[in-house]
Structure formats: C-alpha cells, structure tokens
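Engineer:
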Amino acid sequence: MASQSDYLLAIVLSPKRVTAAELRLTDGEVEVSALGDIDPPEGAFDGSQVANGEILGRAISEFMAEKNVTARKAVMFLPEAAAITQLIKLPSMPREDLIGAVRAVAERYAVFAERSIAVDCAVAEELDEDGKQMLSVLFAASRDANVEQCQECARAAGLELISVEAAPAAVARAFRDRFSPSEVVALAVIGETKTDVMIFDDGICRICYSANIGLPEQTERGDWMTPAPSEHDPFVPPPQLYSELTHCFRFFQNQFPRRAVHRVIIAVDHPKAEALASHLAEQLQLPVELGRPGRRLRLPTDVNEGAAAVSRAYTLALIHGSALSALTEGDALFPINLLPEVSTFWLPARPYIKASVIVMAVVLALTVIWALSLNKKITRKEQTQASLGAQIAALEPELEALRAAQATEIALRSEVERQTARLAKQRAVRWSQILVDVAARLPQDMWLTRLASPDSSKITLTGIATNRETIPNAIESLSTSPYLSNAVLGSLAKDDTYAPGRNVIRYQIKAKLLRGLLPPPLQAEDASKSEAAEAETGSPLEAESDSASEEQADATSGAQEEEE
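In this text, residue positions in the sequence shown follow the numbering used here: the first is 3, and each later residue adds one.
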C-alpha cells in the first residue's frame with residue numbers, strides 16, 4: 003500500500019498573480035492534485051509588499067472551493083522583492099545568539115530602515131579559520147508586516163500557516179540532487195525585477211548574490227496550458243542579466259582561486275525560457291540548462307506538463323521545494339521559516355493539542371449535560387420537598403391532636419398502672435400478719451410447727467397440742483380471722499414419739515386464704531389517718547414500714563413453708 007502524507011497547499015505570492023497548488027507526498031513523489039492561478043484582488047499588494055491579507059485570503063478561499071481543495075495546512079512564498087537572501091560568515095555560537103547576530107546584520111539593509119523585520123537562518127557550512135570556529139550562514143529577511151499579512155491571509159482562508167519562505171532557498175532545495183559533488187554549479191533564480199544567484203561547490207553553498215535585474219515587465223508570462231513557441235525565437239535577454247552573472251562568477255573566482263563555475267541552472271517563469279537558456283549559454287560560454295521539474299513531480303491531468311515545465315519552471319521549483327521542507331521527515335536543505343518561533347514552536351505538538359482540546363470539549367459537554375441533569379433532579383427534589391412540606395403543614399393540626407391524645411393515653415395508662423399496683427398490693431397475702439394473727443388465736447397448749455400454702459388460695463396449719471379439747475375452740479377462733487375462712491380439721495393423730503410419757507397430739511387444720519379484705523391490724527386511729535393520707539395524696543403505697551414487711555412476706559408466697 004502506497005504511503006501518503008497529508009495534503010499541503012503551496013501559495014506563491016506575487017503582485018502579478020498568485021499561484022496555489024495542493025500537493026502531497028506519495029511514495030517519495032510529489033503529487034499535485036490541484037493547480038491554478040489567482041488574480042490578486044485590488045489592494046492586496048502595495049508594490050512588492052503584501053498589504054491586505056484578508057482580501058487575499060478570501061480570494062484563495064474561493065479558489066479552494068472551486069478546485070475542491072481539502073488541504074488545511076499551507077506554505078507561503080513571499081514576492082521576490084519583499085525578501086532578501088544572503089550568505090554571511092559569523093563566529094560559531096548557539097542558535098539563539100545566531101538569530102540575534104543575523105538580525106543585526108539584516109537591519110543594516112536600507113530596505114528595512116526603521117522597520118521591524120522577521121529573520122531566520124540556516125547553517126550552510128562550519129569552517130575552521132586559523133583555529134577559530136566559523137559558520138557560513140544563509141539567512142532570509144522580510145518586513146514583519148509581510149509575515150503578519152500572510153498569517154491574516156491564512157486565517158481568512160481557513161488555513162493553518164506552517165511556514166513563510168523566501169524563494170531562493172526553496173528553489174535550491176528543489177534542485178539539490180543536481181548539485182554534483184565534483185562540480186561548481188551556479189543556480190540563477192530569475193524573477194521580474196530581481197535575480198538571486200547561489201553558487202554550490204561540492205554541494206555546499208559558497209556564494210549568494212542578489213542583483214536588481216530580471217526579465218522586463220513587458221515580457222509575456224507563461225501559463226499552464228500554452229505550449230512554448232516552436233518557431234525561431236528572436237528573444238534576447240537583457241544585457242544587464244549577463245553582466246550581473248559574469249560579475250558574480252568573477253567574485254566567486256576571487257574568493258575561491260582555482261575554482262570556476264562549470265555549469266548554470268536557471269529557474270524562471272517565461273514561455274521562452276529555453277531561448278533564454280540558449281542565449282545565456284552563448285554569452286557565458288558555459289552550459290546553461292533550464293531547471294525543469296524532475297520525474298518526482300506529477301502534475302494534474304488538466305495541466306500541459308510540457309508547457310508548464312518550460313513556462314513555469316520557477317513556480318514548479320517552489321512547489322517542489324515546499325513539499326521537501328513541509329512533508330518530509332529528513333533534513334531539508336535550508337529550512338528557513340520567517341514565521342515567529344512562537345508560531346512554529348507548537349507545530350509538532352498541534353495534533354496532540356487538538357486531540358486534547360477535543361477530549362476536553364467532550365468532557366466539558368458531558369459535564370454540562372451532567373450538571374443540567376443534576377440541576378433538574380435537584381429542582382424535582384426541591385419541588386417534592388416543598389410539596390411534602392405543605393402536606394406536613396396541613397397535617398400539623400392532626401399531629402398536634404394525636405400528640406394530645408397520646409399524652410392523655412400515657413396519663414391514663416399511668417393511672418391504670420398505679421391503681422392496678424394499689425389493688426394488687428391490697429390483695430397480696432400478708433404472711434407476717436397472718437402468722438401474728440394465727441399465733442394470737444391459738445391457745446397456749448397448741449403449737450404451730452408448719453404453715454403451708456400450695457397455691458396462695460389455701461393454707462394448711464400443722465402443729466402439736468397437749469389437750470385435744472382445745473382444738474375445736476382453736477378452729478372456731480381461726481374461722482373468725484380476717485385472713486382465713488372455712489377452717490376445718492384436716493387430721494388428728496396421737497404422737498408417742500415426740501415426747502415420750504406425755505400426751506402429744508398432732509393436728510392439721512385446713513382453711514381458705516382471704517386476700518385484701520381487711521387492712522393490716524393497726525390501731526383504729528392510725529388506720530384512719532393512713533386512709534385519709536392515701537385518699538389525699540393518691541399514693542399507691544401504704545405505710546412504708548408495713549409495705550416493706552408485706553413485700554418481704556410476698557416474696558416468700560407460693561410454695562414457701564415456715565416452721566414455728
């Protein structure tokens with residue numbers, strides 16, 4: 003499967019016409035999918051300077067819509083006269099200091115007088131001169147305003163501007179594979195008003211020379227479809243062009259004795275570029291070839307490749323050079339970018355930044371949705387709470403009535419419990435009083451040895467007597483007791499073993515217990531006082547001393563047996 007890069011839009015700016023090309027790398031070849039010229043809108047340029055990037059961006063946007071361009075990254079080339087390219091020699095230093103030194107040199111040019119400038123540079127060669135490390139530096143410079151208008155143009159066209167370049171470095175990048183290590187090759191980039199000459203010795207740029215001479219403005223410019231004229235061409239290049247090239251070559255020979263230019267490559271946009279190359283070869287007495295695009299540049303099917311290779315060689319070299327710098331991962335020749343470093347510093351991280359922004363946007367959207375949902379839930383809860391509050395307020399009178407009824411119920415229950423306790427205490431068996439009463443009713447010749455109550459309703463009295471005749475009287479006396487009733491003789495037997503030689507009779511008397519019928523046998527006055535106090539205070543308790551003794555006796559009720 004063929005490896006392909008993302009699409010890139012290369013834009014060549016010129017006051018005469020703006021050229022745009024959509025391209026990508028496919029298996030190492032530059033594939034151009036859309037190519038065309040745009041007439042610059044009025045006011046877009048002020049001479050050779052970019053004046054209004056916004057209207058220029060709108061024109062580019064219309065071109066993109068017409069050609070169905072999908073590229074979103076762009077490289078722009080400044081007009082030839084809007085930037086300078088020079089080769090200087092500086093001591094070896096860090097890049098930060100190198101940019102500052104280059105800026106100081108560039109500011110001396112009259113074209114940048116009293117104007118802020120944008121500069122960038124690339125090291126062409128590291129030198130050792132008398133033990134001192136030196137750098138041969140190729141730099142490009144332009145007004146800040148030009149770069150800013152390029153950025154505004156990209157924004158208006160909806161593009162991400164990744165590079166702003168000067169033309170000579172990009173053209174040299176496109177023809178790098180034609181610089182033979184064993185030859186001295188001169189590259190002449192010929193524009194309308196300016197010619198930049200770069201001389202490469204052993205593949206290294208030794209000289210960069212600029213001359214204010216180009217093809218006359220009245221010469222016909224080539225297009226993408228018109229073939230080059232086949233008849234004999236009477237075209238003669240301007241004499242100043244030959245003079246400037248000759249001067250540049252001599253300067254090179256003075257700087258590098260025993261070295262001379264072997265051949266010349268020209269990059270020019272002109273339908274008669276081949277005739278120009280022939281005339282220059284005849285004048286310079288050197289091989290001069292037109293810088294045609296190589297086989298690694300494929301043009302769209304609606305473009306006449308033969309005509310374009312001749313009449314638009316300069317533009318095609320720029321398009322090829324832009325692809326080599328923006329779409330390849332290797333070290334490109336002269337990667338000079340006039341965009342501020344702040345704009346280019348984040349370029350490698352932009353895909354990750356975009357992904358992070360998308361993730362953050364999704365998280366934010368989910369957070370907003372969650373917040374809205376939570377707000378609705380809270381609103382519903384508040385409404386439910388308000389409704390419940392209203393219902394509670396409506397039920398408050400009933401609740402107060404229930405509380406009053408509950409208090410009344412508690413009071414009544416307490417009173418019932420108190421009365422029940424009082425009745426229970428009155429009905430309790432008072433064993434201590436029963437014992438005292440029984441002892442008082444028995445005659446002196448009768449003794450009680452055992453008292454038993456199996457179910458607290460009956461009582462059995464067991465004892466001995468020395469006189470049988472006193473037993474009936476004792477039964478009669480016990481029947482009148484306030485604590486006993488129905489006293490009867492259960493058994494009667496003589497016991498000769500208890501006290502030999504004496505008349506001892508064992509008896510058993512059974513009776514029913516009367517519970518709570520009479521108060522304890524107190525004095526009449528004390529009883530009346532106690533009843534009056536109880537009626538007045540409503541206390542369930544009787545006299546504390548009697549109560550204590552009675553409770554102690556009650557604890558022994560049931561199956562308890564006492565012996566006397």
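C-beta: ideal position from N, C-alpha, C; glycine also. Being a predicted model, the structure only gives us computed values, none of them experimental.
#1: On the premise that Asp122 lies in contact with Ile338, defined as a C-beta separation below 8 Å, what is that separation, rounded to the nearest angstrom?
#2: Between Ala22 and Gln255, what straight-line distance do the alpha-carbon atoms span, to the nearest angstrom?
#3: Buried or exposed, going by whether 16 or more other CB atoms sit within 10 Å of the CB of Thr87?
#4: Straight-line CA distance for Leu450 to Ala407?
#5: Identify the residues that DSSP records as bridge partners of Trp372: which are they?
#6: Can you tell me whether Met362 is buried or exposed? The criterion is at least 16 other CB atoms within 10 Å of its CB, across all chains shown.
#7: According to the neighbour-count rule (16 or more other Cβ atoms, all chains shown, within 10 Å of its Cβ), is Gly55 buried or exposed?
#8: From Pro502, Asp204 and Arg415, pick the residue whose C-alpha is nearest to that of Val187; which is it?
#9: Does any heavy atom of the ligand ZN sit closer than 8 Å to the C-beta of Val14?
#10: DSSP on Pro456, reduced to helix/strand/coil?
#11: Let's see if you can read the secondary structure: which residues bound the beta strand (DSSP E) around Glu24?
#12: Taking the beta strand (DSSP E) that Arg208 falls in, what are its first and last residues?
#13: Please report the Cβ distance between Arg1 and Leu335, rounded to the nearest whole angstrom; I am assuming they are in contact, meaning their Cβ atoms lie under 8 Å.
#14: Quick one: Cα of Gln385 to Cα of Ala367, how far?
#15: Using a Cβ-Cβ cut-off of 6 Å (strictly less than) and excluding sequence neighbours within five positions of Tyr211, which residues of its own chain qualify?
#16: Closest by CA to Arg443, which one among Lys512, Asn214 and Ile477?
#17: Which class does Pro170 belong to by DSSP, given the choice of helix, strand or coil?
#18: Please state if the CB of Leu15 and the CB of Leu58 are separated by a distance shorter than 9 Å.
#19: Here's the rule I'm using: 16 or more other beta-carbon atoms within 10 Å means buried, otherwise exposed. How should Glu546 be labelled?
#20: Helix, strand or coil: which one does DSSP assign to Gly571?
#21: Buried or exposed: which applies to Thr369, given that a residue is buried once 16 or more other Cβ atoms fall within 10 Å of its Cβ?
#22: Count the other CB atoms within 10 Å of the CB of Glu246; is the residue buried (16 or more) or exposed (fewer)?
#23: Tell me the rounded alpha-carbon separation between Ala61 and Glu31.
#24: Please report the straight-line C-alpha distance between Ala388 and Ala73, rounded to a whole angstrom.
#25: Starting from Asp2, follow the alpha helix (DSSP H) in both directions and report where the run begins and ends.
#26: Taking all protein chains shown into account, do 16 or more other C-beta atoms lie within 10 angstroms of the C-beta of Gln435, making it buried, or fewer, making it exposed?
#27: Nearest CA to the CA of Asn505: which residue from Thr468, Ile473, Asn488 and Lys196?
#28: Output the boundary residues of the beta strand (DSSP E) element that contains Gly492.
#29: Using a Cβ-Cβ cutoff of less than 7 Å, which residues in the same chain neighbour Pro43 once the five nearest sequence positions on both sides are dropped?
#30: Let me confirm a value: Asp598 is counted as buried when at least 16 other C-beta atoms fall within 10 Å, else exposed. Which label applies?
#31: Grouping DSSP H, G and I as helix and E and B as strand, with all else coil, what is Val14?
#32: Quick test of your reading: Lys496 and Lys460, contact by CB under 8 Å. State the CB separation rounded to the nearest angstrom.
#33: So, is Pro295 buried or exposed, given that buried needs 16 or more other C-beta atoms within 10 angstroms?
#34: Kindly indicate which three-state DSSP category Tyr9 falls into: helix, strand or coil?
#35: In the DSSP output, what is Thr482 paired with across the bridge?
#36: Since Leu245 is in the alpha helix (DSSP H), which residue starts that stretch and which ends it?
Structural biologist: In this structure, then:
#1: 5 Å
#2: 39 Å
#3: buried
#4: 56 Å
#5: Partner(s): none; Trp372 has no beta bridge.
#6: exposed
#7: buried
#8: Asp204
#9: With respect to the ligand ZN, the structure offers nothing, as it holds no ligand at all.
#10: coil
#11: Val20 to Thr28
#12: Ile206 to Ala213
#13: Lying outside 3 to 566, the shown extent of the chain, residue 1 is not represented and no answer is given.
#14: 27 Å
#15: Val199 and Cys250
#16: Ile477
#17: helix
#18: yes
#19: Note that Glu546 scores 35 on pLDDT, short of 50, meaning its location in the model is unreliable; the coordinates nonetheless yield the value given after this. By the 10 Å Cβ count, Glu546 comes out exposed.
#20: No information on residue 571 is available, as it lies outside the stretch 3 to 566 that the chain covers here.
#21: exposed
#22: buried
#23: 29 Å
#24: 59 Å
#25: The question about residue 2 has no answer, for the chain in this structure spans 3 to 566.
#26: buried
#27: Thr468
#28: Leu486 to Lys496
#29: Ile57, Leu58 and Ala61
#30: No answer is possible for residue 598: it lies beyond the span of the chain, which begins at 3 and ends at 566.
#31: strand
#32: With a Cβ gap of about 26 Å, Lys496 and Lys460 do not count as contacting.
#33: buried
#34: coil
#35: Thr482 is not bridged to any residue.
#36: For the sequence presented, residue 245 should be read as Ser rather than Leu. Ser245 -> alpha helix (DSSP H) spans Pro241 to Gln257.
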